[in-house]
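In the working numbering, the protein residues as written are 3 to 498. Every residue, glycine too, gets a C-beta built ideally from N, C-alpha and C. All values reported here derive from a predicted model rather than from experimental measurement.
Right, here's the structure in full:
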């Protein structure tokens, strides 16, 4: 089922979660591109058609004294891939490749000399690469610039320079439009750019924004964002990237309060508002009338996900050290208790449970639960699936990774099964799959036979295959792949 594509890291390099391994996997018009970085400062850019013979080095770079990971940030643009690469003479700068060695080169030394260019954001836009450069030319005075590149030095130019206007907040793409905020500390301005000087437009000024990672999210054809201003309260705004389409939606609270989480329920947006010790659950379609508070909890709750017409949330009771799952109807009508998960370590110190990762696939919620210790590594991590009922909330595995540097991924394949990483007696961490019940949960492959772990990660779909990295019998991380669609293998064994 899973098979090695090619040995791309020299055997014996080891299986440390810090590498070296295939990384930054991207799809460039049906070809897989990725990088390998080595501890001596050497690096290789690769492309692959999924076969051993068709997995080739595009360009190999000899060892060099560099300060960070040498190659990364691969971004496909048409039939080319842009990436960030560090050389001692130029620092970290923008490179491009057309898939050939001769066509792989430095685009431009944007920050001349050995100093690095800080790429705060990169994205494909209108057949070119748009990137935001952020740097500090004087203490406390950050400078923000928008650039575009067609892969040539002449075609790499500054589109807009904001001087000391402010620090960059929450850049994102809305369709083909770049949207970003600039925060001066006393106020925030919203900007859009189509990658041209004339198309870089100021959309509005606001008070201080909630600047955590949940500041903005896309609903329909608009980006929704929150403005939290002392004295003005917390408001929901929207923008479609035009001045006319940037407007106030609704006042959410009379005080400046944090938005702790966002999510989705079909074409609706969800967000949690923290008001002192209380948590409010909201839904929005981007309009004032469609922005509704569904329920309020007198405690801290977290978003687990949405199924059908319900939103599922979880909270941790510190006195019992157990996780409780509750649901709220998207149509309103109060909250419902779904179930409380067991905790076999509840009588032990520091054994507080927390949700580590979540995924939705095939009409079920999947989530991993870590039981804490006094240190950074959990004592146990288990995988659960739920259809939204108590009877349909089941434990699938208790042997996910307990490392503090590697958490088992949860990867929906897009065809129903979810991939995760677990172990069983006598073997290490290997790729597993589940359809949401113990009877349909099994080990996908034993990539590294024996007690060693293959520690798979970096799952990337391309065509009818899923590519990932895994440590195998070469005692190094190599490029592996598996079919995106598969039936349950024979001999299923539940993860212990």
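Legend entry - Within 9 Å, strictly: CB atoms of residue 84 and residue 37: no
Legend entry - Backbone CA spacing between residue 498 and residue 397 [nearest angstrom]: Here the model assigns residue 498 a pLDDT of 42, short of 50, so the residue's position is not dependable, and the following value carries that caveat. Their Cα atoms are separated by approximately 11 Å.
Legend entry - DSSP-derived helix/strand/coil call for residue 486: coil
Legend entry - Top-ranked residue by Cα proximity to residue 388, from 354, 460, 312 and 403: 312
Inset, instruction - Identify, in the order they occur along the chain, each residue of the same chain with its Cβ nearer than 7 Å to the Cβ of residue 259, setting aside the five sequence neighbours on each side. - result: 230, 236, 275, 276 and 277
Inset, instruction - Could you tell me the distance, in whole angstroms, from the CA atom of residue 384 to the CA atom of residue 350? - result: 17 Å
Inset, instruction - Let me know if residue 127 comes out buried or exposed under the rule of 16 or more other beta-carbons within 10 Å of its beta-carbon. - result: buried
Legend entry - For residue 324, the first and last residue of its enclosing beta strand (DSSP E): 324 to 331
Legend entry - Proximal residues to residue 479 (C-beta, below 6 Å), its chain only, five neighbours per side dropped: 11, 23, 471 and 473
Legend entry - Endpoints, beta strand (DSSP E) assigned at residue 186: Per DSSP, residue 186 belongs to no beta strand (DSSP E) and is neither H nor E.
Legend entry - CB of residue 412 within 9 Å of CB of residue 368, strictly: yes
Legend entry - Between the CA atoms of residue 180 and residue 174 - distance to the nearest angstrom: 6 Å
Legend entry - For residue 2, the three-state DSSP class (helix, strand or coil): Because residue 2 is not part of the residues shown, which for the chain are 3 to 498, the question remains open.
Legend entry - Simplified DSSP assignment, three categories, for residue 481: strand
Inset, instruction - Flag this pair as touching only if the stretch 286 to 294 and the stretch 311 to 327 have three or more C-beta atom pairs under 8 Å; answer yes or no. - result: no
Legend entry - Neighbourhood of residue 79 by C-beta, 6 Å cutoff - its chain only, sequence neighbours within 5 removed: 126 and 131
Legend entry - Per DSSP, cross-strand counterpart(s) of residue 524: Outside the shown range of the chain, which is 3 to 498, sits residue 524, and nothing can be said about it.
Inset, instruction - Along the beta strand (DSSP E) that carries residue 159, what are the first and last residues, could you check? - result: 158 to 163
Inset, instruction - Take every Cβ of the stretch 459 to 469, pair it with every Cβ of the stretch 28 to 46, and state whether three or more of those distances are shorter than 8 Å. - result: yes
Legend entry - Runs of alpha helix (DSSP H) wholly within the stretch 396 to 440 (minimum 4 residues, chain order): none
Inset, instruction - Return the chain-ordered list of same chain residues with a C-beta closer than 6 Å to the C-beta of residue 424, the five sequence neighbours on each side being excluded. - result: 399, 401, 402, 434 and 497
Legend entry - For residue 362, the first and last residue of its enclosing beta strand (DSSP E): 355 to 363
Legend entry - Own chain, CB closer than 7 Å to residue 161, minus 5 neighbours either side, in chain order: 148, 149, 150, 195, 197, 198, 199 and 202
Inset, instruction - Compare the C-alpha of residue 108 against each of 122, 93 and 476 and name the closest. - result: 93
Inset, instruction - Would you kindly work out how many angstroms separate the C-alpha atoms of residue 251 and residue 240, rounded to a whole number? - result: 7 Å
Legend entry - Collapsed DSSP secondary structure at residue 492 in the structure displayed: With a pLDDT of only 46 at residue 492, under the threshold of 50, the placement of this residue in the model should not be trusted; the figure read from the coordinates follows. DSSP places residue 492 in coil when its eight states are reduced to three.
Inset, instruction - For residue 42, I'd like the list of residues in its chain whose CB is within less than 8 Å of its CB, leaving aside the five on either flank, ordered along the chain. - result: 65
Inset, instruction - Pull up the DSSP beta-bridge partners for residue 445, would you. - result: 434
Legend entry - Simplified DSSP state of residue 22, which is helix, strand or coil: coil
Inset, instruction - On a CA-only basis, which of 182, 457 and 362 is nearest residue 305? Give me that one, please. - result: 362
Inset, instruction - State the start and end residues of the unbroken beta strand (DSSP E) segment that holds residue 6. - result: 5 to 8
Inset, instruction - Given a cut-off of 9 Å, decide if residue 211 and residue 182 are closer than it, judged by their beta-carbon atoms. - result: no
Inset, instruction - Determine the closest residue to residue 417 out of 163, 374, 382 and 366, with distance taken between C-alpha atoms. - result: 366
Inset, instruction - Starting from residue 350, follow the beta strand (DSSP E) in both directions and report where the run begins and ends. - result: Residue 350 -> no beta strand (DSSP E), and no H or E assigned at all.
Inset, instruction - Could you tell me the boundaries of the beta strand (DSSP E) in which residue 384 lies? - result: 382 to 388
Inset, instruction - Could you check which residue in 346, 336, 3 and 329 has the C-alpha nearest to that of residue 392? - result: 329
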